[in-house]
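For my numbering, count along the sequence shown from 1 and bump the result up by 1.
Quick reminder that beta carbons are idealized off the backbone N, C-alpha and C, glycines included.
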Amino acid sequence: MKNWIIFSGLLCLLLLIGNVSAETLSVSGVVVDDKTYTSLAPCYTSNLIKSYGPVPVYDKDNRVISRGIMSDFRGFVERDALYQKLHNLYEATKVPVNKQYAYPNGPVLSYGYNALGSVAVGIYDKGTIDEKTMDAMYSVIAAEAKKQGIDDVPVIFYKEPTARLDLGRADTWRPVIGGVQVGSSIGALTSGFAATRGGENGFITAGHIGSVGSTVYQPDLSAPIGSVTVSSGGTSSDSAWIQYNNVAGQIFESSGSQPSIYGTSSPSVGLGVTMSGITSGISTGTIIQETSLYNRFFSKTIDNQWYADFSSASGDSGSPVYFKDSNGNIQLVGLYWGQGSYSTFSPISNVLSDLS
2 MKNWIIFSGL LCLLLLIGNV SAETLSVSGV VVDDKTYTSL APCYTSNLIK
52 SYGPVPVYDK DNRVISRGIM SDFRGFVERD ALYQKLHNLY EATKVPVNKQ
102 YAYPNGPVLS YGYNALGSVA VGIYDKGTID EKTMDAMYSV IAAEAKKQGI
152 DDVPVIFYKE PTARLDLGRA DTWRPVIGGV QVGSSIGALT SGFAATRGGE
202 NGFITAGHIG SVGSTVYQPD LSAPIGSVTV SSGGTSSDSA WIQYNNVAGQ
252 IFESSGSQPS IYGTSSPSVG LGVTMSGITS GISTGTIIQE TSLYNRFFSK
302 TIDNQWYADF SSASGDSGSP VYFKDSNGNI QLVGLYWGQG SYSTFSPISN
352 VLSDLS
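If you want it as structure tokens, here you go:
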């Protein structure tokens with residue numbers, strides 16, 4: 002029998018806010034107020050690596066002690082003139098900076114200037130940068146700044162995470178995660194979850210995606226990623242395993258949230274569960290019945306399946322069914338495959354047994 006492993010798994014550039022507060026640098030409609038300083042505080046405090054020149058200074062509670070170069074400006078005309086100089090500086094230096102230092106060949110993830118008058122250099126937060134490199138970059142920036150009429154240019158080097166790409170369920174996902182669109186010549190389905198079978202990576206979805214050898218796509222017919230490697234045959238579940246190396250143990254809930262799978266659990270009557278499918282999205286309900294149900298694809302009745310009263314629709318087949326425990330962690334309970342009197346799913350234990 003094969004052993005299964007279920008995969009478990011600052012913005013510091015230009016920020017101009019249009020709300021006027023008690024302390025406002027200008028009333029031009031594009032203002033730098035206390036909200037702007039608060040928004041950019043992490044770049045100058047917890048995420049700061051090193052700074053040069055007159056940058057804003059905050060206390061331990063992120064309250065502004067000094068406004069840095071902005072202390073010299075009281076009107077929007079002077080301030081906008083500074084922004085124009087910083088823009089010109091950015092245009093003059095972006096190519097050499099990116100060519101020599103940009104990720105992945107270098108440590109710089111982002112480069113620009115922000116609303117507080119600082120040149121902002123975002124350094125990959127899982128990497129490092131040494132003093133010599135920062136000094137060399139500052140020398141290039143400062144030299145161009147003088148040409149633009151800024152004698153003591155503020156520069157910050159701060160930790161920057163890689164940008165989150167806000168993809169939808171029907172977009173290309175690499176790695177492939179649960180709850181996104183997959184399909185075959187039969188049509189579109191939903192990926193269930195990533196798993197390792199006998200040391201090989203892959204993901205599980207509904208068995209009626211096709212017979213063994215059927216080509217599987219993500220997200221559509223333009224992008225084949227593999228084929229059905231093992232089918233449940235409808236023994237005790239409607240499930241299939243697709244061998245594919247580039248997978249991750251997460252479930253799509255929204256473009257901004259793909260939480261990791263924490264573990265597995267057995268379904269039971271009365272348990273509140275969630276399904277994440279390409280058609281219905283996040284759909285919640287309660288497990289209401291253990292049942293046997295006829296499956297048209299496999300032309301047989303499958304025992305020990307479960308009914309839940311969450312909404313489901315065509316395209317949701319293969320969706321992960323789960324609940325979140327008291328710590329907010331995802332616990333998989335099964336794989337949705339069809340609509341009888343209610344939404345029907347195979348329990349996780351049956352899925353793994355059938356595909357072993």
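- With fewer than 16 other CB atoms across the displayed protein chains lying within 10 angstroms of its CB, D326 is exposed.
- At a cut-off of 3 residues, the continuous stretches assigned as beta strand (DSSP E) that sit fully inside the region 285-343 are 301-309, 321-325, 331-340.
- In terms of Cα proximity to L168, the closest of Q259, S281, Y91 is Q259.
- Per the Cβ contact rule, the region 337-353 is in contact with the region 229-239 (3 or more Cβ pairs under 8 Å).
- If only uninterrupted beta strand (DSSP E) runs of at least 3 residues are considered, those enclosed by the region 66-139 are 109-114, 120-125.
- A straight-line Cα-Cα distance of about 18 Å links Y323 and T292.
- With respect to S344, A309 sits close: the two C-beta atoms are nearer than 8 Å.
- Residue pairing from DSSP places P225 in a beta bridge opposite Y218.
- By the Cβ rule, the region 240-258 counts as touching the region 192-212, because three or more pairs are nearer than 8 Å.
- Looking at Q290, D355, K36, the one whose alpha-carbon comes closest to that of R198 is D355.
- Secondary-structure assignment with DSSP links K160 through a beta bridge to I124.
- Counting the other CB atoms within 10 Å of its CB gives D317 a total of 16 or more, which places it among the buried residues.
- By the neighbour-count criterion, in which a residue is buried when 16 or more other Cβ atoms sit within 10 angstroms of its Cβ, L222 is exposed.
- If you draw a straight line from the Cα of V109 to the Cα of F74, it comes to about 30 Å.
- For S350, the enclosing alpha helix (DSSP H) begins and ends at 349-355.
- If the five residues before and after G214 are omitted, its C-beta is found closer than 6 Å to the C-beta atoms of S228, all from its own chain and listed in chain order.
- For T39, the uninterrupted alpha helix (DSSP H) segment begins and ends at 35-45.
- Excluding residues up to 5 positions away in sequence, T302 lie with their Cβ nearer than 6 Å to the Cβ of Y295 in the same chain.
- Shown here, V141 sits in a helix according to DSSP, grouped into three states.
- G250 and K147 have their C-alpha atoms roughly 50 Å apart.
- Judged by DSSP secondary structure, W174 falls outside any beta strand (DSSP E); it is assigned neither H nor E.
- Between Q182 and P220, the gap from beta carbon to beta carbon is short of 8 Å.
- Residue range 248-252 is occupied by the beta strand (DSSP E) that includes I252.
- In the displayed model, I279 falls within coil according to three-state DSSP, outside both helix and strand.
- Beta-bridge analysis with DSSP links A195 to F204.
- For Q182, the uninterrupted beta strand (DSSP E) segment begins and ends at 182-185.
- Around I7, the same chain offers F194, A196, G250, I262, T265, L333 as residues with beta carbons nearer than 7 Å, after the five sequence neighbours per side are excluded.
- Among the bridge pairs identified by DSSP, I6 is matched with T197.
- Taking all protein chains shown into account, P225 has fewer than 16 neighbouring C-beta atoms within 10 Å of its C-beta and is therefore exposed.
- A straight line joining the alpha-carbon of S256 with that of V177 spans about 14 Å.
- Per DSSP, reduced to three states, the secondary structure at I151 is coil, with no helix or strand assignment.
- Note that the C-beta distance between S52 and I157 is below 8 Å.
- Counting only residues of its own chain and dropping the five nearest sequence neighbours on each side, V352 has a CB closer than 6 Å to the CB of S238, S240, L336.
- Taking the Cα positions, K86 is about 25 Å away from K160.
- As DSSP reads the structure, A146 sits in no beta bridge.
- One alpha carbon belongs to A314, the other to I187, and they sit about 16 Å apart.
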